[in-house]
Structure formats: structure tokens, C-alpha cells
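One point on numbering: in my numbering, the residue at position 172 of the sequence shown is 172, and numbering is uninterrupted.
Beta carbons: idealized from backbone N, C-alpha and C, even for Gly.
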Amino acid sequence: MPRKPVDDRHVTAVNQSLLSLDRTDDRDRLSAFVIASLRHTLLSWYRQCGRDLPWRQSHDPYAIWVSEIMLQQTQVKTVIPYYHRWLDVFPTVQLLAIAEQQTVLKVWEGLGYYARARNLHRAAQVVMSQYEGTFPDRLAAVMQLPGIGRTTAGGILSAAFNQPWAILDGNVKRVLARLVALQVPPNRALPYLWHLSEMLLDEQQPRDFNQAIMDLGATVCTPHQPLCPVCPWQEHCQAYNQGIQTTLPMSETRAPLPHKMIGVAVIWNNQGQILIDRRRQEGLLGGLWEFPGGKVEADETIAACIQREIREELGIEITVGDRLIVVDHAYSHFRVTLNVHHCCYVSGEPQAIECDEVRWVTLAELDQFPFPKANVQIIEALKQEERQKAGGRRQKAEGKSKHADS
Ligand code: SF4
């Protein structure tokens, strides 16, 4: 496997012995010895302590690919039920490729980062059209598929075909940054960390090695309280030996997330239906359905914002009524507060001006559409309100019947 050059700016901060493989002095032997020891102790630990995860029982590249995509930015315990459900609905790449995008998004609903689902769907169509339904086994071809970067490709090819490709996901970055006591945030030393990951990879057992290092990061070398006393890499870990494991990896200084105040309308018509719209394919939450609305401008009331947005985006007039719920939600780059109001349709034909589609649906029909997480809370609030109204009607009816009996 080709080795990438090391970024020398960061070398002073790392374990020099690990970087001297190509030389022939005593440190080479130490480096080779350290690397062999790290591989051996990690794989022994994995055989005893590795997690029993559903995708590890499979060598099917499709199932492994699905798991790798779901695990991007999402924890294992969240992924497991989604993984099983996905394979129940789309057991093969063929069935995924021919599915409607709305079905794909509905099965993904709640897992977040919906571009992953859209890319999986598109990539399945590419696998069908270009590879006759057989997942490619070459790195360059895999990395051409939508939604697959270098670490995901390495994860799939090592797990499915036992090919010696390194990985560098968030867990691995943290473990390696501590192993060498990296003195910069990992994302500023990516060439070096890739080099390290490739050097350490056991080319005889790449499948197990990659799974093992991911498990080490997820269960032992955890973000806040690494369990160094039980870690198989403790002996060679520079962060542990310097007592700085809880201060690493260094983090980027991040500006606070910008906040947007949003007015949202639950628009009812005379038939008791609600108006929803489907977001444009491009951009955040593309292809998902939502309750319409938009950003509150400076000096604008929530009610005025909702009326203006609905006029601009759907071309209809409404009246704004009581508040239903306020929902706070954080995305990766900003936070929103959704101020959701019941509204009444007044006039005009709803048009998809700023979206791909609009529809009138009943409360019961909302469950058939894929919605973003924050909108699912709105649906729950609507159902809760409906249950309370039904309970009130029941009590009233019971009261009347008691009155009649007496
Ligand atoms: S010794 Fe501690 S800091 Fe070092 S790799 Fe192990 S768990 Fe992480």
C-alpha cells in the first residue's frame, strides 16, 4: 500500500520511534518492535473484549456498507435498530436501488444527516447500473460512489474483503492522537494520522485490526474518561505516560453556533386537513416533508413572520392562531427555535414556490411521510392535543349521559 508523506510540522510532537521505519538504526528495531507489540496487544484484546455487533456477523459488502454509512456521526446503540429495519425493508442493493426516495427517507427517519440516506440510494443505483449489482472491490471505484470517502471505503473493503486499507474515523483519530500525544487538533494533522493508521494496520488481519481500533476508541479510549488501566496500548501510549490523556486530543476553538428563530405554521383547512410541503432535494434535509414557515426577521413578530413566509413560499393567505409548541433543535452548524402556531387557511391555491411539492393531509396520514426530527415533535404535540380533545369530548358525553340517567 502506498505510504503518504508525513507532515513534518507535527513530527516534533509525536513518538519519533514510530516514524523511523525506513531507517536502519536501533530506533528502527524499536519502531518495528513497538508496532508489532501494538498490533499484537490490540488484536489479543479484541479477541477477548471486541463487541458482538450485527454487521460483524456478515461479509456481505452491502450490509457492511449500510452499517458504515449509518455509523458516520452516530453511535452504535442508535444504529442497531435502524440497521435491522433497513435490511428488513431493503435486504439487497437491487431492492434499495428501485425503491422510491420517500420510502428510503421514511426508513431513515430519526437517524439524522439525511444526505447519507439519499447518497446510499443513489449509490445503490450506480452499483446496479455500472457494476451489475455487485459492490466494487477496488478502493478507487468505491470512493467514486456517492457518500463514500476514504475512511468509509477503507472500512468497507477491510471488513468485507479483508483488504489492507486503513481507516481514520473520529474514534481512530482520538486514539492515535493520544498514542503519540499529538500537540495539535487531529484535523490539522490528517496526513500524519493517516500515515500512522497505515503504519499500524496489520496487513495480515486488516478486518480485525480496523474493527479492533474502532472498538478501542468506542469502549476504552473514550472521549472524556479513557480507561487507561485496562487499555492494551497503555505501555506505549505517550499521552498516558505523560499523564495528559484527558487533555487530548486538542480541540479546535469553535465559535458558538448561530441561532435562528423560526415561525412555523400548522395550516388547517375546513376539511380538517393540514398543509405540508416537501423540501427541495438540494441542501439540508432535502426531500423530507415539513410544516411550512421561515426565519423571523428583525423587529418582526412571530405571527407576522408566519403570514409573510406562507404568502412568499406557498402563495396563500392564512390567519395565525394559538401557539401549539416551541421546539429547540441543534444541527451541526446552527441551532433553531421553532415557534409553531395553529393557522387557518383563508384563500389562494397552495403552490410549491420554494419547495418541491405541497399536500393537504389528515393528522393520521402524517405518519406516512418522512419528517425531520424537530417536525416529529410537532406531530407528537398535534396528536397529544387531539387525545386531550377526544378525552374532553368523552368526559362531556359521559357527564351528559349521567345527567340523563339521574
Ligand atoms: S492508554 Fe489511555 S489514552 Fe492511551 S490509548 Fe489507551 S485508553 Fe487511550
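{"query": "Own chain partners of Glu-109 with C-beta closer than 6 Å, once the 5 adjacent residues on each side are dropped", "result": "Pro-370"}
{"query": "Heavy atom of ligand 1 within 7 Å of Cys-231 beta-carbon", "result": "yes"}
{"query": "Stretch-stretch touch, CB-based, cutoff 8 Å, three pairs: the region 355-362 with the region 333-340", "result": "no"}
{"query": "Own chain residues within Cβ distance below 6 Å of His-120, not counting five before or after", "result": "Here residue 120 is Leu; the residue named in the question, His, does not match the sequence. Correct list, in chain order: Ile-69."}
{"query": "Reduced DSSP category for Asp-277 - H, G, I as helix; E, B as strand; rest coil", "result": "strand"}
{"query": "Neighbourhood of Arg-150 by C-beta, 7 Å cutoff - its chain only, sequence neighbours within 5 removed", "result": "Met-143"}
{"query": "Three-way DSSP call (helix, strand, coil) for Thr-319 in this model", "result": "strand"}
{"query": "Per-residue burial, Asn-375 [other beta carbons within 10 Å of its own, 16 or more giving buried]", "result": "buried"}
{"query": "Contact under 8 Å by Cβ, Val-346 with Gln-273", "result": "no"}
{"query": "Same chain, Cβ closer than 8 Å to Asp-215, five either side skipped, listed in chain order", "result": "Tyr-46, Cys-49, Gly-50, Arg-51"}
{"query": "Entirely enclosed beta strand (DSSP E) segments - the region 182-241, minimum 3 residues", "result": "none"}
{"query": "Opposing strand residues paired with Ile-262 [DSSP bridges]", "result": "Lys-295, Leu-338"}
{"query": "Chain-order list of residues whose beta-carbon lies under 6 Å from that of Ile-379 (same chain, five-residue window excluded)", "result": "Leu-366"}
{"query": "DSSP beta-bridge partners of Ile-267", "result": "Cys-343"}
{"query": "Proximity test, Val-220 beta-carbon vs ligand 1 heavy atom, cut-off 7 Å", "result": "yes"}
{"query": "Span of the alpha helix (DSSP H), counted from its first residue to its last, around Trp-55", "result": "Trp-55 -> no alpha helix (DSSP H), and no H or E assigned at all."}
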